[in-house]
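Numbering (the numbering used here), first residue to last: 89 to 387. Glycine included, C-beta positions come from ideal geometry on N, C-alpha and C.
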């Protein structure tokens, strides 16, 4: 069911060259927006007054992917190509920590309830944990080739993550106990996941063109999107209720209510390839476009 109940102003802000690969995006407490440039090895900061700064990392090929605010006031991100976890301060000072397992390919990252950052290792079926001072531990998953992707802090004090190749959503406690919830749809290939305002986990299925909802007690519901080939990629909670998500293959931003009603907004530039999505304190929705721009949907 498609609604167009939201009335928004949609604009695009060029931030980097089209080949830079604008990818992950997150809002910080001060209202600034941070994004990764996966192909250029840079981190971008956009302040509320519209000033943009690009910070080069110590490797142009490290592949910064997903980014999240940390408990220490810095931004933390995964460096998928060189197996490191990166950290950048609000002033733009960057550093990184090497993972103990080579070829881990870290991807998703989220702040946990325990004062540490939690991340996924796509190639090693592991979930990692790093403290703000760089102490790293890891937990093995029961999957083989499950491809853990995005991770988010859940409403129950645990972390939840998507298992892209296992068609499942996993849960890990801060003590390392893992539960795996299989999805009803074969080939779902879940990627983005977020904790909704309704106390459930919301995720997108890039393979099946669906949005899913998982309650902490394991109940799964799936909502088909109008275009099943829309390749939904990332999802983030809407503080006003529901969630926002990107449709990489359909060049759109979508909103889903807690009841599963879908609202879609077309992006103005064709084939802009939306990836990461975030909502800032002012209620604006931002999507990172691979064409090098940030799309802003203002309420």
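**OP:** Excluding the 5 residues preceding and the 5 following residue 180 in the sequence, name in chain order all residues of the same chain whose CB lies nearer than 6 Å to its CB.
**Re:** Indexing the chain shown from 1 puts residue 180 at position 92. Contacts found: 143.
Original post:
Nearest to residue 366 by CA position, among 173, 383, 266, is which residue?
Top reply: Along the chain shown, one-based indexing puts residue 366 at 278. Of the listed residues, the one whose Cα sits closest to residue 366 is 383.
Original post:
Using CA coordinates, which residue listed in 321, 229, 295 is at the minimum distance from residue 281?
Top reply: Residue 281 sits at position 193 when you count from the first residue of the chain shown. Nearest neighbour of residue 281 by Cα position, chosen from 321, 229, 295, turns out to be 321.
Original post:
Residue range of the beta strand (DSSP E) that residue 310 falls in?
Top reply: The sequence position of residue 310 within the chain shown is 222, counting from 1. Segment 308–312, the beta strand (DSSP E) holding residue 310.
**OP:** Could you tell me the distance, in whole angstroms, from the CA atom of residue 145 to the CA atom of residue 102?
**Re:** Mapped onto the chain shown, residue 145 falls at position 57. Mapped onto the chain shown, residue 102 falls at position 14. Residue 145 and residue 102 have their alpha carbons spaced roughly 20 Å apart.
Subject >> C-beta contact flag for residue 191 and residue 213 at 8 Å >> reply: For the purposes of this step, residue 191 is taken as the residue at position 103 of the chain shown. For the purposes of this step, residue 213 is taken as the residue at position 125 of the chain shown. Result no, Cβ atoms of residue 191 and residue 213 do not sit closer than 8 Å.
**OP:** Would you list the residues sitting across from residue 362 in a DSSP beta bridge?
**Re:** As a working mapping, residue 362 is identified with position 274 in the chain shown. Note: residue 362 is bridge-paired with 377 in the DSSP secondary-structure output.
**OP:** Could you tell me how far apart the beta carbons of residue 350 and residue 314 are, in whole angstroms, since I believe they sit closer than 8 Å?
**Re:** The residue you call residue 350 lines up with position 262 of the chain shown. The residue you call residue 314 lines up with position 226 of the chain shown. For residue 350 against residue 314, the beta-carbon gap comes to about 7 Å, under 8 Å, which counts as contact.
Original post:
Thinking C-alpha only, which one of 200, 386, 177, 217 is nearest residue 188?
Top reply: Counted from its first residue, the chain shown places residue 188 at position 100. The shortest Cα separation from residue 188 among 200, 386, 177, 217 belongs to 217.
Original post:
From residue 235 to residue 96, what distance separates their C-alpha atoms?
Top reply: Position 147 of the chain shown, counted from the first residue, corresponds to residue 235. Position 8 of the chain shown, counted from the first residue, corresponds to residue 96. Taking the straight line from one Cα to the other gives about 36 Å.
Original post:
Among the residues of its own chain, which have a CB less than 8 Å from the CB of residue 245, if the five just before and after it don't count?
Top reply: To locate residue 245, count along the chain shown from 1; it is residue 157. So the list reads 201, 261, 262, once near-sequence residues are dropped.
**OP:** Please state if the CB of residue 165 and the CB of residue 174 are separated by a distance shorter than 8 Å.
**Re:** The residue given as residue 174 occupies position 86 in the chain shown. The residue given as residue 165 occupies position 77 in the chain shown. It is a contact, given that the beta carbons lie within the stated cut-off.
Original post:
What number of angstroms, rounded off, separates the C-alpha of residue 108 from the C-alpha of residue 203?
Top reply: Working through the chain shown from its first residue, we reach residue 108 at position 20. Working through the chain shown from its first residue, we reach residue 203 at position 115. Approximately 32 Å, taken between the alpha carbons.
**OP:** Could you have a look at residue 287 and say whether DSSP puts it in helix, strand or coil?
**Re:** By one-based count along the chain shown, residue 287 stands at place 199. DSSP, reduced to helix, strand and coil, places residue 287 outside both helices and strands of the structure shown, so it counts as coil.
**OP:** Write down the C-beta distance between residue 279 and residue 269 rounded to the nearest angstrom, noting that I regard them as a contact closer than 8 Å.
**Re:** As a working mapping, residue 279 is identified with position 191 in the chain shown. As a working mapping, residue 269 is identified with position 181 in the chain shown. No, residue 279 and residue 269 are not in contact; Cβ-Cβ is about 16 Å, not under 8 Å.
**OP:** Go ahead and pull the three-state DSSP assignment for residue 152.
**Re:** On the chain shown, residue 152 is found 64 positions in, with the first residue counted as 1. Three-state result, residue 152: strand.
**OP:** Taking residue 110 as part of the beta strand (DSSP E), name the residues at either end of that continuous run.
**Re:** Translated into positions along the chain shown, residue 110 becomes position 22. For residue 110, the uninterrupted beta strand (DSSP E) segment begins and ends at 110–115.
Subject >> Beta bridge counterpart(s) of residue 194 as assigned by DSSP >> reply: Position 106 of the chain shown, counted from the first residue, corresponds to residue 194. The bridge partners DSSP lists for residue 194 are 209.
Original post:
When the Cα atoms are used, what is the spatial distance from residue 307 to residue 290?
Top reply: Working through the chain shown from its first residue, we reach residue 307 at position 219. Working through the chain shown from its first residue, we reach residue 290 at position 202. Each residue's Cα considered, the two are about 12 Å apart.
**OP:** Return the CA-CA distance between residue 163 and residue 122, expressed in angstroms with no decimal places.
**Re:** Your numbering for residue 163 matches position 75 in the chain shown. Your numbering for residue 122 matches position 34 in the chain shown. Computed Cα separation, rounded: 8 Å.
Subject >> Buried versus exposed, by CB contacts within 10 Å (16 or more), residue 293 >> reply: Here residue 293 refers to the residue found at position 205 of the chain shown. It is buried - the Cβ of residue 293 has at least 16 other Cβ atoms within 10 Å.
Original post:
Helix, strand or coil for residue 280 per DSSP?
Top reply: The residue you call residue 280 lines up with position 192 of the chain shown. Three-state result, residue 280: strand.
Original post:
Of all the beta strand (DSSP E) runs that stay within the bounds of the stretch 201–262, which reach a length of 3 or more residues?
Top reply: Entirely contained in the stretch 201–262, the beta strand (DSSP E) runs reaching 3 residues are, in chain order, 205–209, 214–218, 224–228, 236–241, 247–251, 256–260.
Subject >> Length of the line joining the Cα atoms of residue 302 and residue 288 >> reply: Working through the chain shown from its first residue, we reach residue 302 at position 214. Working through the chain shown from its first residue, we reach residue 288 at position 200. Between residue 302 and residue 288, the alpha-carbon positions lie close to 6 Å from each other.
Original post:
Near residue 183, what residues of its chain come up, given a Cβ to Cβ distance below 6 Å and the 5 sequence neighbours on each side ignored?
Top reply: Numbered from 1 along the chain shown, position 95 holds the residue referred to as residue 183. 175.
Original post:
Excluding five sequence neighbours on each side, which residues of the same chain lie with their C-beta closer than 7 Å to the C-beta of residue 283?
Top reply: By 1-based counting over the chain shown, the position of residue 283 is 195. Apart from the 5 residues on each side of it in sequence, residue 283 sits with its Cβ closer than 7 Å to the Cβ of 240, 241, 242, 243, 289, 325 in its chain, given in chain order.
Original post:
Exposed or buried, which one is residue 141 when buried takes at least 16 other CB atoms within 10 Å?
Top reply: As a position in the chain shown, residue 141 is number 53, starting the count at 1. Its Cβ having fewer than 16 others within 10 Å, residue 141 is exposed.
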